[in-house]
Each structure stands twice: as structure tokens, then as C-alpha cells.
Amino acid sequence: STLVGVSGGSIVAALFAKGYSVEQMRELALNTDFKQFTAFSIYRLLREGGLSSGDVFQEWIDTQLEGATFNDMPMALNILATDVNGGGPVLFNRTTTPDMKVSEAVRYSMSIPLIFSFKPFKEYLLVDGAILSEDALFEDWQGDGTPSVCFRLQSTKQKRREIKKSVLQLPQYVGMLIRTFMTAMSREYVNARYWHNTVVVNTGEISAVDFSLTPEIKNALFDLGYSTTREFLPRKYAGYVQSNTLNKDQRLHPSLKQ
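Residues 269 to 526, numbered by our numbering, are exactly what the sequence shown covers, in order.
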């Protein structure tokens with residue numbers, strides 16, 4: 269089987285490919301304080317495009333993966349990042365980057381604009397893989413026509429936060445700007461070609477950039493993802509078979525050819 273991860277999904281894909289069970293990933297999430305991965309440096313924002321370097325996160329995920337490279341992974345793992353220099357997706361796997369640490373590729377893929385700094389790699393300037401990944405996600409990764417299933421988080425509304433001071437401070441403004449940007453990204457429509465291959469998990473007011481989740485909210489999100497998948501995946505598959513939209517002669521996106 270083949271796993272493809274982008275943005276936050278690259279974290280889950282990497283852990284699963286390394287051998288983590290679903291329950292082990294739940295426990296890891298419950299026992300991890302996500303706030304440790306964030307910072308607020310205007311200097312870094314101006315110089316490197318993000319408030320945080322992402323170094324703490326990269327060290328953390330590398331520890332969880334025991335320093336594994338793509339060649340070390342027991343499953344075929346593909347991670348996508350977005351090159352803002354060339355305007356296309358960049359692929360990392362055991363063929364293109366066999367000796368690269370998986371943690372490095374995950375760090376590239378989860379570079380949420382403004383929150384985490386961009387990262388240079390060769391001639392690329394890499395940011396969040398979700399920005400330009402849709403077409404690439406649905407390639408024939410197995411090479412035998414097996415359809416891909418994409419899991420996508422979607423925030424339907426943004427929670428209003430109380431402004432305690434009459435003058436809006438810069439950190440507060442930047443935080444609201446980032447949350448609005450990510451909410452808008454999550455609301456992007458799913459291309460009709462990929463509708464039967466996509467399971468959308470509606471997270472309500474919970475944003476992808478909320479790093480202050482309580483254990484109760486983490487558990488609720490876990491259960492929501494599980495129940496949504498159980499409910500909709502059979503329907504999606506039935507609709508996919510009925511529509512017969514799979515193109516068995518599908519070619520890789522030109523920018524993914526190495």
C-alpha cells in the first residue's frame with residue numbers, strides 16, 4: 269500500500285508508515301503540547317516568511333520517527349510540498365530522496381505560510397504542501413489503477429475572539445489574519461473529478477492553526493474523524509465505482525517527474 273501526505277497530513281502519514289497504530293497516534297497527540305512548536309518573531313516573519321522557524325517541530329517529529337529516512341520506512345511513503353519559486357508540487361519519497369530524513373520532508377510540507385518559515389531545498393523554496401497539491405494527490409500512485417482516497421479537514425466557520433483592548437495589538441492581528449487565511453483555504457471546493465475520492469471532515473470552529481487544543485477537543489476530533497470515515501467512505505466508494513471516473517492512463521504531474 270502507498271501513503272501520500274501533505275501539510276498536517278504528512279505528519280499522520282509519516283507516523284503510520286513508520287508503524288504507529290491509530291491508538292498510538294492518539295496517545296501521542298494527547299501527550300504533546302502543540303504550543304511548543306510555535307513562536308512569535310516579527311524579525312523571522314520579515315526575513316523568512318514565518319513567525320516560527322519550525323526547528324522544534326522538526327526535532328520532535330524526527331525523534332518520533334527515530335531518525336528514519338525514506339529508505340528505512342517499511343511502507344511506501346510520499347510527501348508533497350509546494351515550491352513557491354516554480355509554482356508547483358515537489359515530491360519526496362524513496363525514489364526521489366531515498367537518503368533524506370522523513371522529518372525533513374514533513375517539515376517542508378507543513379510550512380503553513382506566516383506561521384512557519386519557508387525552507388529552501390535545491391532550487392526550490394518550499395511551503396505548505398496543501399497549497400498546490402490537489403491534482404498531484406490523485407495520481408495513480410500504485411501504478412495499477414488503484415484509486416486514491418483523500419482525507420480533508422474543513423472549517424465551516426471561524427470562532428470570534430474577544431478583543432480585550434481598544435487598540436488591536438500586532439500579535440493578535442497576525443493571529444486572526446492567519447486563522448482567516450487557513451479557514452479560507454479549508455473551504456476551497458473539492459474538484460468534481462475527485463469528489464468520490466475525498467472524505468471531508470468538518471471540524472466546525474476548530475482551525476488547523478489552533479495549537480492550544482485541550483485533551484477533550486483532541487479526543488473529540490479523533491472520534492469525529494473516525495465516525496466521518498466510517499459513515500462516508502462506503503458511500504464514496506460506491507459512488508466512485510458507479511461513476512467510473514478513474515483514468516487508468518493517468519500520467520504524473522510534469523513537476524513530479526524527477
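Using N, Cα and C, we set each Cβ at its ideal position, and we do this for glycine too.
Considering only HIS464, LEU271, THR496, ARG461, the residue with the shortest C-alpha distance to LEU359 is LEU271.
With a threshold of 16 other beta carbon atoms within 10 Å, SER289 falls short and is exposed.
The Cβ atoms of THR365 and VAL395 do not sit closer than 9 Å to each other.
Counting C-beta pairs closer than 8 Å gives three or more between the stretch 323-343 and the stretch 276-289, which meets the contact rule.
Going by DSSP, ASP351 is part of the beta strand (DSSP E) stretching over 344-351. One alpha carbon belongs to LEU348, the other to GLY273, and they sit about 6 Å apart.
Rounded to the nearest whole angstrom, the C-alpha separation of GLN410 and MET378 is 24 Å.
Counting along the chain, THR331 sits inside the alpha helix (DSSP H) bounded by residues 323-332. Contact check for THR471 and SER423: beta-carbon distance about 5 Å, within the 8 Å limit, so the pair qualifies. Apart from sequence neighbours up to five positions away, the residues of its chain that approach ILE380 with a beta-carbon distance below 6 Å are ASP396, ordered along the chain. A residue is called buried once 16 or more other Cβ atoms fall within 10 Å of its Cβ, and LEU314, having fewer, is exposed. Between THR363 and GLU407, the alpha-carbon positions lie close to 16 Å from each other.
Take the alpha-carbon of GLU291 and the one of PHE419: they are about 18 Å apart.
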